[in-house]
Amino acid sequence: MVNACKNPNTSIASVALQHSINANLVSRWIRIFSHHEGAVQDPTHVNPAFIALPYTAAISQPIDERITLCITVPHTNNDIQLKWQTSEIPALAELLKALAT
């Protein structure tokens, strides 16, 4: 926004209004930016705020169908404990929806 205010025929108030920010705050940022040692004068030489880093995507491993989930649902007198195979997760979701209603 500071660099946008430096453009010719641009008012600080209009830039601040476009971003729903108080113009006095933008003016303060301009003063701080201008007094900061090594202030950037040319917006074409600004370092990007986002730098993409290379990464290797994680290898998707299939869910082991033999793993058993154990869910404890608190109840007034006793807790309800469910043991469910991961291969049947959609059915577990339906059961939990039914219990919630």
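Here numbering that gives the first Met the number 0 is used: position 68 in the sequence shown is 67, and no number is missing along the way. All residues carry an ideal CB built from backbone N, CA and C; glycine is no exception.
For residue i, which three-state DSSP category applies?
i	result
residue 68	strand
residue 20	coil
residue 31	helix
residue 11	helix
residue 51	coil
residue 3	helix
Assuming residue i contacts residue j under a Cβ cut-off of 8 Å, what Cβ separation, rounded to an integer in Å, is found between them?
i	j	result
residue 71	residue 83	Contact doesn't hold; Cβ gap of about 12 Å is too wide.
residue 32	residue 1	5 Å
Please give the ranges of any beta strand (DSSP E) in the segment 75-100, keeping only runs that are unbroken, at least 3 residues long and fully inside the region. The segment 75-100 contains these whole beta strand (DSSP E) runs: 79-84.
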